[in-house]
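Residue numbers (our numbering): 295 to 927. C-beta: ideal position from N, C-alpha, C; glycine also. Treat the numbers as computed from the prediction; the structure is a model and nothing was measured. Here is the structure we will look at, set down as structure tokens.
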Amino acid sequence: MEEKKFDLNSIIGFVLIFGILLYMMYINKATPEELEAQEKAKQEQVKASKKAKEDKSTYVTSSDDFSASSNADSLKRVELQNKLGAFAYGASLPSATPKETLVENDVLALKFSNKGGYLSEVKLKQFVDYDSVPIYLVKDGNTAFNINFGTTDSRILNTQDLYFQPTVTKSGENTVVSMKLKVSEQKFLEYRYELKPSDYMVNFTIRSQGLNNVVNSSQDVNLDWKLKTYRHDKSISYENRYTRLTYQLDGSKIDKLSPTSEDDETENDVNWISYRQHFFSSILTTKTPFEEVHLASTNLVEDETIDTVFTKAYATKLPIALQAGEFNQDLGLYFGPTDHKVLKTYDIGLEDSIPLGWGIFGWINRYVFIPLFAMLSSFLPYGMAIIIMTILIKMLLSFVQYKQFLSQAKMKILKPELDEIREKYKDNKMKAQQETMALQSKAGASPLSGCLPALIQLPVFYALFQFFPSAFDLRQKSFLWADDLSSYDIVAKLPFHIPFYGDHVSLFPILASIAIFFYMRMTTGQQMASQPQQEGMPDMSKIMKYMIYFSPIMMLFFFNNYASGLSLYYFISNLISIGIMLVIKNYILDEDKIHAQIQVNKKKPKKESRFQKKMKEMMEQAEEQKRAQQRRK
């Protein structure tokens, strides 16, 4: 084992190092002035820390808000918080938590989010979708409701990022939800929602108190409202066809954005904005028209086999006017069915958001078909109400069909004489036309007399085409094999998808197509027998033969995804038309009597109308010009 020895060199080294450390401490010793400055800085830091803790006990903020790099910066932030409170840091008193407030009435279940203070969920309690799932117009973040404004310290704030304090109270039978974004107890921005019993309309007020020195009134204040509409119907493409942004201008004018593509408009003096989802709507109303509104709509259904959740994306940006630097805007929020009788009760024209057709078509629906169907469906099943209404309409228009068939019968009787005229004047077409018109005029028969009755039926046809897809009462009402008259019926499900047809077979369109085929075969045969072939003109008989088959096929494809109530109407309507034609042909019209009457009419002096005289003069002038040209040649 090695013996330990005393190392003198190590002792000398330690002594030298210790001496050097003592010398460095001596030369770096602080002066009395420096020690005094350090003590003052330490005291100021303690005071600033206490001040921050006191303010933080009043307003809930994040820890980063007061992590200042210097005492001066920390004091500046505290001063700013005292001025702007919750607006400055996105928090508000005890409500700075992501909680929701639930209130209900008989028809609505509403959830209000503390963050943003807006409606985060809207459930319609009395309705379910095609799959028996409750109807939600707002859910799972499909909406955004935000007020964007500037502050006097040059900040830009969005209410959707800030926390509101909720309070629920009663005002008589009404439930009032107050969402306040507070600067202090006396300074706040409030969203006030008032919910009435059994009412789809929520009174909505945006107001503020004591914010005239907080909100920068020289900058625009805008309200942004966005919504992605959920699919509720069996056919998303059919529902999307009637899902459309509609709005009212100048107290009465109704306008719309495109239902099939991306569209946007900027409008002035807007009274209400409807985010229609076919049978359900989310509507924003105002007592004072919005001066300038930017509206946008985007179609989200490009492929119905893939895009199966949402139909449209709506967005609206509108101005909020300040009064003496304060918010004060009375609005309304409607969440409910797109039902004519429900919307009409609010007496502000909301029922005009329903696509009943423009002009005379809408007039017929509002004042004839809607009241008639409401009366019939009050004591009859809805399918039977459609059938009875169809019978009444067809009986009312039977005189039109009679006039049309009578005109065709007269033209059929005159056809031999008309053929003789064309043969006699085959080298003079102008003369042949004059003689033809003269004979038709004397006999009281004209091709126009057959066309005019058909034109009279067009407004009724188009009005009904708009009525059935918009009739809320038909929704989820069954008849025979159809479980929902507002959607297509299914008798067979296909294992593949046929373009323009779908992946199912509907029976009502098949029945309607068969009825149309036989009706067109009867009417087209009558027309071909009464219309002589004119030289130089296409063979109309061939065109009509093609139409006999083309029209039913088009009907079959087009209506396979349409409401079965509409197909039921066309089926019954064409059956009745066939019956009326058979009765007219076999029991009312007698061709021998018609022929005898024509001969009597031919002998009577016929007074020409002003139009007929003008036509005759024009034809004579044309004939004279033609002769003059031939002489010059």
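- Determine the DSSP secondary structure at I567, reduced to helix, strand or coil. strand
- Quick one: what does DSSP say S511 is sitting in, helix, strand or coil? coil
- Task: Rank T463, T453, N436 by C-alpha distance to the C-alpha of L396 and give the top, closest one.
- Result: Nearest of T463, T453, N436 to L396, Cα basis: T463.
- Message: Please report the distance separating the alpha-carbon of H526 from that of Y424.
- Response: Taking C-alpha positions only, H526 is separated from Y424 by approximately 6 Å.
- In terms of residue numbering, what span does the beta strand (DSSP E) encompassing H791 cover? H791 -> beta strand (DSSP E) spans 786-792.
- Message: Here's the rule I'm using: 16 or more other beta-carbon atoms within 10 Å means buried, otherwise exposed. How should A857 be labelled?
- Response: buried
- Message: Could you pull the DSSP bridge partners for G929 from this structure?
- Response: Here the chain comprises residues numbered 295 to 927, so residue 929 is not present and cannot be evaluated.
- Task: Using 10 angstroms around the beta-carbon of G545, count the other beta-carbons present and answer buried if the total reaches 16, otherwise exposed.
- Result: exposed
- Query: Contact between the stretch 555-564 and the stretch 457-474: three or more CB pairs below 8 Å?
  - Reply: With contact defined as three or more Cβ pairs closer than 8 Å, the stretch 555-564 and the stretch 457-474 are not in contact.
- Does the Cβ-Cβ distance between Q571 and T639 come in under 9 Å? Not closer than 9 Å, so no.
- Message: Are the CB atoms of S407 and P392 within a distance shorter than 9 Å?
- Response: yes
- Item | One or two residues paired with W519 in a DSSP bridge | In the DSSP output, where bridge partners are listed per residue, W519 has F439, T610.
- 8 Å Cβ shell around I940 - same chain, five flanking residues per side excluded: Only positions 295 to 927 of the chain appear in the structure, and residue 940 is not among them; the question remains open.
- With 16 other CB atoms within 10 Å as the buried threshold, where does G651 fall? Taking a 10 Å sphere around the C-beta of G651, we find 16 or more other C-beta atoms and assign the residue as buried.
- Query: In whole angstroms, what is the alpha-carbon distance linking S867 and T684?
  - Reply: 6 Å
- Item | Backbone secondary structure at A590 - three-state DSSP | Of the three classes helix, strand and coil, the one that applies to A590 here is strand, per DSSP.
- Looking at the structure shown, is H526 part of a helix, part of a strand, or coil, going by DSSP? coil
- Bridge-paired residues (DSSP) for S472: T461, R486
- Integer Cβ distance of H791 from T599, believed to fall under 8 Å: 6 Å
- Item | Helix, strand or coil at V477 according to DSSP, with G and I counted as helix | coil
- Kindly indicate if chain C contains any beta-carbon less than 9 Å away from that of L644. In the displayed structure, chain C is absent; only one protein chain is listed.
- Residue from F865, V694, F421 whose Cα sits closest to the Cα of F629: If we check each option's Cα against that of F629, F421 comes out closest.
- Item | Bridge partners - A403, DSSP secondary structure assignment | For A403, DSSP records a beta bridge to E398, K417.
- Measure the C-alpha to C-alpha separation of K771 and A668 and round it to an integer number of angstroms. 14 Å
- Task: Could you please give the first and the last residue of the uninterrupted alpha helix (DSSP H) stretch that includes G410?
- Result: Premise fails: G410 is in no alpha helix (DSSP H) and is neither H nor E.
- Item | Start and end residues, alpha helix (DSSP H) containing H634 | 634-638
- Have a look at L578 and Q503 and give me their C-alpha separation to the nearest angstrom. Approximately 24 Å, taken between the alpha carbons.
- Check the DSSP bridge columns for M495 and list the partner residues they point to. Y628
- State buried or exposed for L876, treating a residue as buried only when at least 16 other CB atoms are found within 10 Å of its CB. Exposed, since its Cβ has fewer than 16 Cβ neighbours within 10 Å.
- May I ask you to list the residues that DSSP assigns as paired with F844? Paired residue(s): none; F844 is not in a bridge.
- Touch check for the stretch 600-619 and the stretch 499-513: three-plus C-beta pairs under 8 Å? The stretch 600-619, when compared against the stretch 499-513, does touch it at the 8 Å Cβ threshold.
- Would you kindly work out how many angstroms separate the C-alpha atoms of G1003 and D518, rounded to a whole number? The chain is shown from 295 up to 927; residue 1003 falls before or after that span and cannot be answered.
- Query: Closest to F439 by CA distance: which of T817, I810, P753, T453 is it?
  - Reply: Minimum Cα-Cα distance from F439 among the listed residues T817, I810, P753, T453 corresponds to T453.
- Quick one: Cα of P753 to Cα of M495, how far? 34 Å
- Bridge partners - T540, DSSP secondary structure assignment: K550, S568
- Message: Would you call the stretch 657-666 in contact with the stretch 752-767, where contact means no fewer than 3 C-beta pairs closer than 8 Å?
- Response: Three or more Cβ pairs closer than 8 Å define a contact, and the stretch 657-666 meets that threshold against the stretch 752-767.
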